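Numbering (our numbering), first residue to last: 410 to 512.
Next up, the structure:
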């Protein structure tokens with residue numbers, strides 16, 4: 410996607426990911442964009458994204474079957490500039506008016 414945007418001459422200043430979940434695409438966009446905002450309705454997703462932003466990792470339990478599963482760790486690549494990201498809880502169908510001006 411980023412290569413395609415570059416080919417089209419689209420600026421890479423500000424990006425928004427509506428429905429960002431825990432922020433994977435937001436962090437990837439932060440490799441190129443100077444500011445990336447992730448928006449999701451789920452408070453727990455936004456909390457997880459902010460933990461990843463702050464700590465560069467997050468432990469979670471993945472259920473395999475019933476109560477069986479394993480604890481895994483999601484990590485953010487150290488090459489990603491995490492302070493370029495912001496995460497906000499909001500409804501995708503009623504975004505706050507200040508979320509404007511994205512490339």
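Even for Gly, the Cβ is constructed at its ideal location relative to N, Cα and C. Remember, it's a predicted structure, so these values are computed and weren't measured experimentally.
Quick check on this structure: which residue in 449, 477 and 459 has the alpha carbon closest to the alpha carbon of residue 502? 449 is the residue among 449, 477 and 459 whose C-alpha sits nearest the C-alpha of residue 502.
Output the boundary residues of the alpha helix (DSSP H) element that contains residue 455. 452-464
Among 511, 457 and 480, which one has its Cα closest to the Cα of residue 432? 457
Taking just the CA atoms, how far does residue 429 sit from residue 489? 17 Å
Going by alpha carbons, who is nearest to residue 447 out of 470, 499 and 467? For residue 447, the nearest C-alpha among the options comes from 499.
Element boundaries [beta strand (DSSP E), containing residue 511]: Element bounds for residue 511: n/a, residue is neither H nor E.
Taking only the alpha-carbon atoms, compute the straight-line gap between residue 472 and residue 451 and give it to the nearest angstrom. A direct Cα-Cα distance of roughly 20 Å separates residue 472 from residue 451.
Is the Cβ-Cβ distance between residue 511 and residue 440 less than 7 Å? no
Return yes when the Cβ of residue 427 is within less than 7 Å of the Cβ of residue 438, no when it is not. no
Paired residues, beta bridge with residue 427 - DSSP: 448
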